Structures are given as structure tokens and as C-alpha cells.
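Undergrad: Residue numbers (my numbering), protein chains in the order written: chain A, 58 to 227; chain B, 5 to 196. The beta-carbon is built from N, C-alpha and C at its ideal position, and this holds for glycine as well. Predicted model, so just to flag it, every value in this text is computed and none were measured.
#1: Is residue 182 of chain B helix, strand or coil when you go by DSSP?
#2: What number of angstroms, rounded off, separates the C-alpha of residue 148 of chain B from the C-alpha of residue 123 of chain A?
#3: For residue 171 of chain A, collect the residues of the same chain with a Cβ closer than 6 angstroms to its Cβ; drop the 5 residues on either side in sequence, then sort them by chain order.
#4: Three-state secondary structure (DSSP) at residue 96 of chain A?
#5: With 7 angstroms as the limit, tell me which residues of the region 142–158 of chain A have their beta carbon closer than that to any beta carbon of chain B; keep them in chain order.
#6: For residue 195 of chain A, count the other beta carbons within 10 Å of its own beta carbon; 16 or more makes it buried, fewer makes it exposed. Which is it?
#7: Please list, in chain order, all residues of the same chain as residue 130 of chain A whose beta carbon is under 7 angstroms from its beta carbon, the five residues on each side excluded.
#8: Out of curiosity, what's the CA-to-CA distance linking residue 190 of chain B and residue 182 of chain B?
#9: Going by DSSP, what residue range makes up the alpha helix (DSSP H) through residue 114 of chain B?
#10: At what residues does the beta strand (DSSP E) containing residue 35 of chain B begin and finish?
#11: What are the partner residues of residue 136 of chain A, as DSSP defines its beta bridges?
#12: Determine, using beta carbons only, whether residue 175 of chain A comes closer than 8 angstroms to chain B.
#13: Using a Cβ cut-off of 8 angstroms, which residues of the region 153–166 of chain B contact any Cβ in chain A, in chain order?
#14: Is the Cβ of residue 170 of chain A closer than 8 angstroms to any Cβ of chain B?
#15: In whole angstroms, what is the alpha-carbon distance linking residue 152 of chain B and residue 173 of chain B?
#16: Kindly indicate if chain A contains any beta-carbon less than 8 angstroms away from that of residue 196 of chain B.
#17: Using the Cβ count rule (16 or more neighbours within 10 Å means buried), how would you classify residue 87 of chain A?
#18: Considering only C-alpha positions, which residue in the set A:183, A:210 and A:72 is nearest to residue 163 of chain A?
#19: If we define contact as Cβ-Cβ less than 8 angstroms, is residue 129 of chain A a contact residue for chain B?
#20: Mind checking which residues open and close the alpha helix (DSSP H) that includes residue 161 of chain B?
#21: Along the chain, where does the alpha helix (DSSP H) that runs through residue 170 of chain B open and close?
#22: Could you tell me which of A:168, A:112 and A:118 sits nearest to residue 204 of chain A, measuring between CA atoms?
#23: Taking only beta carbons into account, state which residues of the region 177–200 of chain A come closer than 9 angstroms to chain B, listed in chain order.
#24: Taking the DSSP output, what are the residues bridged to residue 78 of chain B?
#25: At a Cβ cut of 8 angstroms, what residues of the region 109–123 of chain B count as close to chain D, listed as they run along the chain?
#26: Could you have a look at residue 141 of chain A and say whether DSSP puts it in helix, strand or coil?
#27: Please report the straight-line C-alpha distance between residue 18 of chain B and residue 101 of chain B, rounded to a whole angstrom.
#28: List the residues that DSSP assigns as beta-bridge partners of residue 94 of chain B.
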């Protein structure tokens, strides 16, 4: 990704400078500090907490700041069964998150409704939100959640960040 | 004092209203003939016979029989450590019986759940509204004629429901198979 350009400075005096594109830089900042909004609804929340604890440290990936406020978070991790009663609240919280935002559907219930083929369970949170990464498992191991986070980071790295940036006043 | 003896005392106080106690595997059940008098029976059970803990109130849908609903009260006493079960029947046309919240306050939420899931109303309940589903949900989900996968509904700004895809039917174990392979969950075909 680095193109060779002539830069008029002396690295021995001014230190190392990396020449890159704005897209790559913005994506690198974003992917290494994805602050999750933990929508921990059921048992997957326990595995989410385990991923945040010291053994399966999610802080290694920059995501230890589990902001329970949607206004301050980047990625919503829907961990647990989404019932129809809760669905509207989840959508409202997602709408309150500022761009850019992503969604990880953690576990079988959030991905497809899981074992609950019933009158009260939303058959997958992708019926109300756009999901970026699905994690299989009931519950998925914390390592699986970290794998999903890494997949999301790779997805974020490829985004055209500058083109997606909304213009002021638009 | 055993549960059977206490049940017989309750029967003695009410003669015809309460059936003879039935004991099955150590559990004693009494049938109350008239659902309208259930708070009376419960008040006597609590105040005079020491059943101070209402463990549960639950309901059974006898779909196809009349009376359609059976309401079951599980009682327990911390003093004498005995359980007791009271059952009453409610027909579908009536769908109503008096509340026992005056006897045990915990009956409040149990009765709300029965109203939500079966549609049986409780007269005199301080706050009879749905507890698991939401206001405006049009069906009673645990009735036997309501499908497991649910029905579509919409209450604007509150919640919506859709039918869940069952992919061939409820996958249930088939009892009484020769071995595990025969009993494992598989598509249950209609018996016809």
C-alpha cells in the first residue's frame, strides 16, 4: 500500500514517518479501537463478559472500553436472544449510535433465532439491523468472539472511509 | 402431621365443595368443585392450616373438553413443611374466577401470567394486564390451538411478531423407542 515518494526530510533528524493514504489511516485508527456497545441480552452475555475479562482479553484488540452508552460506541455486539418485545428497544439503541457503526450478531439466537422457533423470539437480529459478522455457537467460546472481532477489523480495513464520510450539512 | 392429614382437615371444613384428597407418589391433590369459592378455601388453608407460601398458580388447557381450563394452586407451609395442590375447573364461556391476591400477594404476577398466556380473567385483581407479551397483543399463546411458531401481529411502535419458520415441524423426541436412535428428535409427522 505504500507508494514510494520522495519526501523532503532527513529521517535521522526528524524520526520515522509513514506515508499512506487517508483511507488506510482512518481505517487503521477505527479498527484498532472498536468500542463495543454490549447488547447483552441472555447467556451469550456471559461469554461476552468472559471475553472482556483477563483470560481472553478483548483489550488486546482495543475493545475493552465497553461503553453501555450507544452514543460513545462503534460496534454493537448483540449477545443473546432477541425477543419481539425487546426488538424495538434494540433498534432504537442502534439508531442512537453515531456513524460509522457495525453490528456483530453473537450466538445462534442473535443470528437466526437459535433453538427458539417460537411465537416470542425474533428469528435473527438481521431482521431489524444490518449485521456485519455472525458468530455461530451456543454460546460461542470467547475465542470465537475474538475471531469475529478480527474478521470485523479486516472488514473495516477495506472500507472506503473517505468516500463514506458524510458531508456537513448533507 | 402429614400432608394427607392436613388435606383431610381441609376437606372436613368444606364437606361437599372440596373432593376427597388424592395422594399420588407422595403428593396430595384436592379438587375444588366451584371456582367461585376458591378464595375462601385458600383463606382457610392459609390462616387455619398454615399454608403460608403460595408456590405457584398454573393453568392447563384441556382443549376439546368442557370445562376447558383447569387452574392449579400449589401450596406449601413453612411450619409443617407440607405441600398441597388445589385444582379448579373454569369453562371457556365463563373464563373468569376470583383472585386470591387477597390471601397471598404473590398471586398477583402468577394470575397476570395466566391471563396473558391462557386468557382466563381474575375478578378483583388489582392490576390485570399482560406480563410477558405486550399490551395489544391479540392472542393467548399457550392455548393448545395456538401454533408454536406463532402468528403475525403488529402493535405500532411497541412490537411486531411474525411466524417463525419451523423447517418441517417441531423436532421432538418420540417416547418409547427401542433405543436412542429411535427416540432422537426428528420431524414429528401427524398421527393420521
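TA: The structure says:
#1: In the second chain, residue 182 of chain B corresponds to position 178, counting from 1. In the three-state reduction of the DSSP assignment, residue 182 of chain B falls in the coil class.
#2: To locate residue 148 of chain B, count along the second chain from 1; it is residue 144. To locate residue 123 of chain A, count along the first chain from 1; it is residue 66. Those two C-alpha atoms are separated by around 44 angstroms.
#3: Residue numbering aside, residue 171 of chain A sits at position 114 when the first chain is read from its first letter. Close CB contacts of residue 171 of chain A within its chain, under the 6 angstroms cut and outside five residues either way in sequence, are with 165 (chain order).
#4: Within the first chain, residue 96 of chain A is the residue found at index 39, counting from 1. For residue 96 of chain A, the secondary structure class from DSSP, reduced to helix, strand or coil, is strand.
#5: So the list reads 142, 144 and 145, given in the order they occur along the chain.
#6: For the purposes of this step, residue 195 of chain A is taken as the residue at position 138 of the first chain. Taking all protein chains in view, the Cβ of residue 195 of chain A is surrounded by fewer than 16 other Cβ atoms within 10 Å, so the residue is classified as exposed.
#7: Residue 130 of chain A sits at position 73 when you count from the first residue of the first chain. So the list reads 92, 93, 94, 124 and 154, once near-sequence residues are dropped.
#8: Translated into positions along the second chain, residue 190 of chain B becomes position 186. Translated into positions along the second chain, residue 182 of chain B becomes position 178. The alpha-carbon atoms of residue 190 of chain B and residue 182 of chain B are separated by roughly 15 angstroms.
#9: The count along the second chain starts at 1 and reaches residue 114 of chain B at position 110. First-last of the alpha helix (DSSP H) with residue 114 of chain B: 111–122.
#10: Reading the second chain from its first residue, position 31 is the one you call residue 35 of chain B. Run containing residue 35 of chain B: 31–35, per the beta strand (DSSP E) assignment.
#11: Your numbering for residue 136 of chain A matches position 79 in the first chain. Looking at the DSSP assignment, residue 136 of chain A forms a beta bridge with A:97 and A:163.
#12: One-based indexing of the first chain puts residue 175 of chain A at position 118. Yes, residue 175 of chain A counts as interfacial toward chain B.
#13: Listed in sequence order: 153, 154, 155, 161, 162, 163, 164, 165 and 166.
#14: Along the first chain, one-based indexing puts residue 170 of chain A at 113. Yes, its Cβ sits closer than 8 angstroms to a Cβ of chain B.
#15: Within the second chain, the letter at position 148 stands for residue 152 of chain B. Within the second chain, the letter at position 169 stands for residue 173 of chain B. Roughly 10 angstroms separates the two Cα atoms.
#16: As a first step, residue 196 of chain B must be located in the second chain, where it is residue number 192. Confidence in residue 196 of chain B is poor, its pLDDT being 46 and thus under 50, which makes the residue's placement unreliable; the coordinate value appears in the next sentence. Judged by the 8 angstroms Cβ criterion, residue 196 of chain B is not in contact with chain A.
#17: Reading the first chain from its first residue, position 30 is the one you call residue 87 of chain A. Flag for residue 87 of chain A reads buried.
#18: One-based indexing of the first chain puts residue 163 of chain A at position 106. Selected option, being the one with the closest Cα: A:183.
#19: Indexing the first chain from 1 puts residue 129 of chain A at position 72. Answer no: the Cβ-Cβ gap between residue 129 of chain A and chain B never drops below 8 angstroms.
#20: Here residue 161 of chain B refers to the residue found at position 157 of the second chain. Segment: none, residue 161 of chain B is in no alpha helix (DSSP H) and carries neither H nor E.
#21: Walking along the second chain from the start, residue 170 of chain B turns up at place 166. It is not in any alpha helix (DSSP H) - residue 170 of chain B carries neither H nor E in the DSSP assignment.
#22: As a working note, residue 204 of chain A is residue 147 in the first chain. In this structure, A:118 is the residue among A:168, A:112 and A:118 with its C-alpha nearest to the C-alpha of residue 204 of chain A.
#23: Shown in chain order are the members of the region 177–200 of chain A whose Cβ falls below 9 angstroms from a Cβ of chain B: 177, 178, 179, 180 and 184.
#24: Residue 78 of chain B sits at position 74 when you count from the first residue of the second chain. B:60 and B:89, per the DSSP bridge assignment.
#25: No chain D appears in the structure shown, which is made up of the protein chains A and B.
#26: Translated into the one-based positions of the first chain, residue 141 of chain A becomes position 84. In the structure shown, residue 141 of chain A sits in a helix (DSSP, three-state: H, G or I).
#27: Translated into positions along the second chain, residue 18 of chain B becomes position 14. Translated into positions along the second chain, residue 101 of chain B becomes position 97. Cα to Cα, residue 18 of chain B sits roughly 19 angstroms from residue 101 of chain B.
#28: By 1-based counting over the second chain, the position of residue 94 of chain B is 90. By DSSP's assignment, residue 94 of chain B forms a beta bridge with B:73.
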